[in-house]
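Quick note on numbering: the sequence shown equals residues 32 to 178 in my numbering.
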Amino acid sequence: MPFEPSSRTPHVPGNDRRPGRPSDSRGDGFAGGCTNLIALLVEIPVAFLLGLTSVIRGWGRADEQTAAAPMDWVPILWLGGFTLGVLVIAVIFLYSAHPFAGAVQLLMAAIALLFTIAAWHDQYERSHQTPLPTRSGTPPSNHVADR
């Protein structure tokens, strides 16, 4: 049986370069770190702007309402959309064989989810306020006594 090599080009041992197989099964750590850094540099200012707009939206409402107001869903939906976006980026990183970058993005998604839940809880508490107890035996302030 004669020996025939499959290709005439030399290859490095351990790095199989056959057609149809990826060159690296885990991905490049440097490329994953760089793309993760770029994603974080985009996500952090977006998160800061979302928090800032949520705070500015609620400034004028704290003292003007005496009754329970309906829930304001805008900050909850904004933070939820941001959380979903970070989660999609994490899945893309994990799918493209960058486990460290995906883990960092999953951590960012968990932190964003905590802020989303806190915003929901704040809006829920604001809209479901318990009325102040009245003193028994004293008439309400708008009661007119018969003379």
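Built from N, CA and C at the ideal position, the CB exists for glycine as well.
Beta-carbon contacts of residue i that lie in its chain and below 6 Å, excluding the five residues immediately before and after
i	result
Ala25	Because the chain here runs from 32 to 178, residue 25 falls outside it and cannot be looked at.
Arg52	Any reading at Arg52 must be qualified, since the residue scores a pLDDT of 47, below 50, and its modelled position is unreliable; no value is offered.
His159	none
Pair within 7 Å by beta-carbon distance, residue i and residue j
i	j	result
Leu115	Thr147	no
Val119	Ala143	no
Pro106	Ser85	yes
Close Cβ partners of residue i (< 7 Å) along its chain, the five nearest in sequence each way excluded
i	result
Asp103	Gln154
Glu74	Val117 and Met139
Chain-order list of residues whose beta-carbon lies under 8 Å from that of residue i (same chain, five-residue window excluded)
i	result
Gly82	Phe146
Cβ of residue i within 7 Å of any chain D Cβ
i	result
Tyr126	The chain labelled as chain D is not found in the depicted structure, where only one protein chain is given.
Assigned secondary structure, residue i (DSSP; H/G/I helix, E/B strand, else coil)
i	result
Asp103	coil
Thr161	coil
Ser127	coil
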